[in-house]
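Engineer: Dumping the structure here so I can ask a few things about it.
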Amino acid sequence: MTLNRRDFLKISGAAALSAWAMPYAQATPIKNIGIQLYTLRDVIGKDTKNVLTQLAKDGYKELEAYGIDSGKFFNLSGAEFKKIVTDLGMKTIGSHASPDVKFDKDVKAGLDAVAPNWKKAVETAKEGGLTYITCPWWKEEHRKSADDYKKSAAIINLLAEYAVKQGLKFTYHNHDFEFKKFGTTDFYDVLLTQTNPKAVNFEMDLYWVVAAGKNPDDYFTKYPGRFHQVHVKDMSKADKTKNTEVGKGSIDFAKILKLAPKAGIKHFFVEQENNYSPDSLASAKLCADYLKKFNY
């Protein structure tokens, strides 16, 4: 077949347009939008069922709880909480649980000596039908030196390995203090290199990584598969120390999350700790509305 000049330009132009548009056609939405319930800490414990009902209406599909080291889900048993969530068409993927670490104990003494409340937290997680249990914080007095970092990593191994033996998955959630260096290394790198990769995974809080002056993608590239969950938390343009609704701030989530498959990310949880517009429930809805249209 012989092409004239006009037909050739039509075909080549269409091909160029198709190639230009290809990255956009491959954009990925967040299928199941999640939220860390700490966002709603002012209301979730007072009116649990109605708050969960509103989140379901907003379009949230996945939840992350907190505080289950108390043995309860906001004054409810794990079974009671699970039923409410399931009836609303949502799923609680995991929860934060704070280990009561006895740092003076030798790690070789075992879990009961080093973190005596951890088995109860794991049992509560199982009762609630959770997949993940997450260590949300590490006390300042347990991270004052490079040696503290190493001992902390060994303790976190204990926590994670017990959770895995009980059928759960474990993640560690960061703030910005993990990036403080002693010598040539920081706590985050110690955790990534000196913990058992078959047991210890990570929940990256994107806000805190950016606040520390780090690039999340550097970690996603260097440690592929270790980051199972992320907190999608935005940074106020007016005040970097404050959060804002997702999409209103300065963090480029679309760029960061391009590497989500390589990183291993399976769950995306909105979290906003402050600076609500005008309250936590309204901010949660604004975040959901934005993420329904979001692609990465």
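If you count by mature numbering (1 follows the signal peptide of the UniProt record, and there is no 0), then the sequence shown holds residues -27 to -1, 1 to 269, one letter each, in order.
Cβ coordinates follow ideal geometry from the N, Cα and C atoms, glycine included.
Quantities reported herein were computed from a predicted structural model and do not represent experimental measurements.
1. In three-state DSSP terms, what is residue 90?
2. Note down the Cα distance separating residue 158 from residue 152, rounded to an integer number of angstroms.
3. Please check the pair residue 149 and residue 185, which I expect to be a contact at CB under 8 Å, by giving their CB distance rounded to whole angstroms.
4. Starting from the C-beta of residue -8, find all residues in its chain whose C-beta is less than 8 Å away, skip the five residues before and the five after it, and write them out in chain order.
5. Output the boundary residues of the beta strand (DSSP E) element that contains residue 121.
6. At which residues does the beta strand (DSSP E) containing residue 178 begin and terminate?
7. With a threshold of 8 Å, are at least 3 pairs of Cβ atoms found where one atom belongs to the segment 53 to 63 and the other to the segment 19 to 30?
8. Would you report the Cα separation of residue 120 and residue 52, rounded to the nearest angstrom?
9. Over what stretch of residues does the beta strand (DSSP E) that includes residue 68 continue unbroken?
10. State the beta-bridge partners of residue 107 as determined by DSSP.
11. Would you kindly check if the distance between the Cβ of residue 7 and the Cβ of residue 240 is under 8 Å?
12. Roughly how many whole angstroms lie between the Cα atoms of residue -4 and residue 197?
13. Just list the residues that DSSP pairs residue 167 with in beta bridges.
Structural biologist: Taking the coordinates as given:
1. coil
2. 8 Å
3. 4 Å
4. Any reading at residue -8 must be qualified, since the residue scores a pLDDT of 38, below 50, and its modelled position is unreliable; the value itself is stated next. There are no such residues.
5. Following the DSSP letters along the chain, one finds residue 121 in no beta strand (DSSP E) but inside the alpha helix (DSSP H) bounded by residues 119 to 138.
6. Counting along the chain, the unbroken beta strand (DSSP E) around residue 178 starts and ends at 173 to 178.
7. yes
8. 41 Å
9. Here the beta strand (DSSP E) through residue 68 covers 64 to 69.
10. 69 and 144
11. yes
12. With a pLDDT of 42 at residue -4, under the threshold of 50, the modelled position of that residue is not reliable, and the figure given next carries that caveat. Straight-line Cα distance between these residues: approximately 24 Å.
13. Paired residue(s): none; residue 167 is not in a bridge.
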